[in-house]
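Chains as they are written, first to last, in the working numbering: chain A, 2 to 152; chain B, 21 to 301.
Ideal placement from N, C-alpha and C gives every residue a C-beta, glycine not left out.
In this text the structure is predicted, and so the values were computed from the model without any measurement.
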Ligand SMILES: Cc1cc2nc3c(=O)[nH]c(=O)nc-3n(C[C@H](O)[C@H](O)[C@H](O)COP(=O)(O)OP(=O)(O)OC[C@H]3O[C@@H](n4cnc5c(N)ncnc54)[C@H](O)[C@@H]3O)c2cc1C
Ligand code: FES
Ligand code: FES
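Okay, structure coming up:
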């Protein structure tokens, strides 16, 4: 199958029932999207497919042939972090970090559509992401901070 | 498990006719959970999310919503039904709304499917098509039990259609928290002032979506008395009576999400709230 991943055309051999998440992590060397629940509940596998925020664990890879996929790896790097990533570090919104890529992708998707979200809009946009560690306060702080950086 | 990505409707219908053991895939938010946990092993998969005809909608006095329209798109573009938009807003999370479709909600046909009470209250028809032709099935006849419908294995759900019912319509869902919940009970209410029609339907309160005909009649009489084009103000006694009639229509069960007594109680409360809201609209 072919995908355009983070702007680069890629090809991969996929097994029949494999999810896009498995293909990204195990076939394409992109482990940023995390695998936790495989049932759409935790959001740690969040990616954009053709610009739409989805759980990659719920995308059948073989049915996504030809799609444009953006993962957390495309947002920024350690040297050049995305404003949302910078804000997460500065706000102390990362503990174990497992949930962070999913939150970062969802928050970046929010700010792309709505650069100055209200608290209610931030909560709504992150409702599909679960964090076991932080209790969400610092994560909300981080998104507010990122909105200030980007506007 | 061969996976065919259909681009055209006739191509998809031919595939279903040739292979009745095909499983249809739209957004995957129900089906992939089954696949990931090994609960489903489809012989073959037909992806329908790129068929233009299933992704198109039309507004106006007769509304048509394509089966493969996602909740996210329906919320961006409008659905031709305020209650359906309210229901779509309560589905899962942004990620689930980005992929999940109304056709998938109909395909799964769970009594907790959030769009289903709305389609029932709107008197919507489900448009089914196979290589042999098209059937238009009223929602009340489409759903026959929990996760059961009259869809034949060679048929695709193409769209849902209904008459535009105006602004007096709403969907109320009760769950254990605000996001990511399956409904403990839900209710859709439509007061079509132009057609003088009332639809009330209940979700998560029985084996199928249930209509509440006595409650509908009661609201019709109230509208007759107040005048269909005038605001409707409810007395406390009328509110209680509406709640009683709606609760009586439910056939709820006890399960992990709630007891049947709680479901009946909560339905009465949300019915009163819904009518109070619509009376002014
Ligand atoms: C975390 C999570 C939260 C959820 N929350 C909610 C919620 O709050 N409310 C709610 O109602 N649902 C919820 N769901 C369930 C699901 O998202 C919805 O039922 C959704 O509408 C399914 O649509 P889909 O396109 O993803 O369906 P798919 O998974 O692609 O398909 C579902 C079923 O329908 C069949 N099907 C799909 N399209 C067609 C078609 N055109 N013709 C014939 N058959 C078809 C498939 O064969 C399959 O059996 C949730 C799911 C998850 C994972
Ligand atoms: S792993 Fe996809 S939502 Fe949890
Ligand atoms: S930081 Fe550990 S799960 Fe969120």
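**OP:** For residue 96/B, count neighbouring C-beta atoms within 10 Å of its own C-beta (all shown protein chains included) and say buried if the count is 16 or more, exposed if not.
**Re:** exposed
**OP:** Give the DSSP bridge partners of residue 84/B, in chain order.
**Re:** Paired residue(s): 78/B and 181/B.
Original post:
Where does the unbroken alpha helix (DSSP H) through residue 86/A begin, and where does it stop?
Top reply: It spans 84-91 - the alpha helix (DSSP H) in which residue 86/A sits, taken as one unbroken run.
Original post:
Since residue 84/A and residue 147/A are thought to touch, with beta carbons under 8 angstroms apart, how far apart are those beta carbons, to the nearest angstrom?
Top reply: 5 angstroms
Original post:
Identify the residues that DSSP records as bridge partners of residue 42/B: which are they?
Top reply: Residue pairing of residue 42/B in beta bridges, as defined by DSSP: 64/B.
**OP:** Compare the C-alpha of residue 277/B against each of 75/B, 57/B and 225/B and name the closest.
**Re:** 225/B
Original post:
What's the call for residue 56/A, buried or exposed, on a 16-neighbour Cβ count within 10 Å?
Top reply: buried
Original post:
Touching or not, the stretch 38-57 of chain B and the stretch 117-131 of chain B, by the rule of three or more beta carbon pairs under 8 angstroms?
Top reply: yes
Original post:
Exposed or buried, residue 115/A, counting other C-beta atoms within 10 Å across all chains shown (16 or more means buried)?
Top reply: Label assigned to residue 115/A: exposed.
Original post:
Among 245/B, 109/B, 57/B and 273/B, which residue has its Cα nearest to the Cα of residue 129/A?
Top reply: 109/B
**OP:** With 8 angstroms as the threshold, decide whether the Cβ of residue 24/A is near any Cβ in chain B.
**Re:** no
Original post:
Quick one: is residue 63/B near chain A, going by C-beta distance under 8 angstroms?
Top reply: no
Original post:
Can you name the residues of chain B whose CB is closer than 8 angstroms to the CB of residue 129/A?
Top reply: 112, 113, 114, 115, 116, 199 and 200
Original post:
On the premise that residue 138/B lies in contact with residue 146/B, defined as a C-beta separation below 8 angstroms, what is that separation, rounded to the nearest angstrom?
Top reply: The Cβ separation is near 13 angstroms, so there is no contact.
Subject >> Host alpha helix (DSSP H) of residue 263/B (start-end) >> reply: 256-269
**OP:** Quick one: grab the DSSP three-state call for residue 38/A.
**Re:** coil
**OP:** Identify the contact partners of residue 6/A in chain B, using a Cβ-Cβ distance below 8 angstroms as the criterion.
**Re:** By Cβ distance, chain B contributes nothing, its closest Cβ being about 18 angstroms from residue 6/A, past 8 angstroms.
Original post:
Which residue's Cα is closest to the Cα of residue 52/A: 44/A, 37/A, 22/A and 8/A?
Top reply: 8/A
Subject >> Separation of residue 65/A from residue 60/B, as counted between CA atoms >> reply: 19 angstroms
Subject >> Contacts of residue 56/A in chain B (Cβ-Cβ under 7 angstroms) >> reply: Within 7 angstroms Cβ-Cβ: 115.
**OP:** Using a Cβ-Cβ cut-off of less than 8 angstroms, give me the residues of the stretch 260-284 of chain B that come near chain A, in sequence order.
**Re:** none
Subject >> Strand pairing of residue 167/B, partner residues [DSSP] >> reply: In the DSSP output, where bridge partners are listed per residue, residue 167/B has none listed.
Subject >> Beta carbon of residue 194/A nearer than 8 angstroms to that of residue 70/A >> reply: No answer is possible for residue 194/A: the residues shown for chain A start at 2 and end at 152.
**OP:** Kindly indicate if chain B contains any beta-carbon less than 8 angstroms away from that of residue 126/A.
**Re:** yes
Original post:
If you measure from the beta carbon of residue 44/A to each beta carbon in chain B, is any gap under 8 angstroms?
Top reply: Yes, because at least one Cβ of chain B sits closer than 8 angstroms to the Cβ of residue 44/A.
**OP:** Determine whether the Cβ of residue 159/A lies closer than 8 angstroms to any Cβ atom of chain B.
**Re:** For chain A, the structure presents residues 2 to 152; residue 159/A sits outside this window and is missing.
Original post:
Does any CB atom of chain A fall closer than 8 angstroms to the CB of residue 177/B?
Top reply: no
Subject >> Length of the line joining the Cα atoms of residue 67/A and residue 93/B >> reply: 20 angstroms
Subject >> Proximity of residue 62/A and residue 6/A at Cβ, strictly below 8 angstroms >> reply: no
Original post:
Within 7 angstroms: the Cβ of residue 58/A and any heavy atom of ligand 2?
Top reply: yes
Original post:
Less than 7 angstroms between the CB of residue 136/A and some heavy atom of ligand 1, yes or no?
Top reply: no
**OP:** Determine, using beta carbons only, whether residue 23/B comes closer than 8 angstroms to chain A.
**Re:** yes
**OP:** Could you pull out every residue in the same chain whose Cβ sits closer than 7 angstroms to the Cβ of residue 135/A, ignoring the five residues on either side in sequence?
**Re:** Closer than 7 angstroms at the Cβ level, and outside the excluded window around residue 135/A, lie 94 and 96.
Original post:
So residue 189/B is in the beta strand (DSSP E); what residue range does that whole segment cover?
Top reply: 189-194
Original post:
When burial is assigned at 16 or more other CB atoms within 10 Å of the CB, is residue 241/B buried or exposed?
Top reply: exposed
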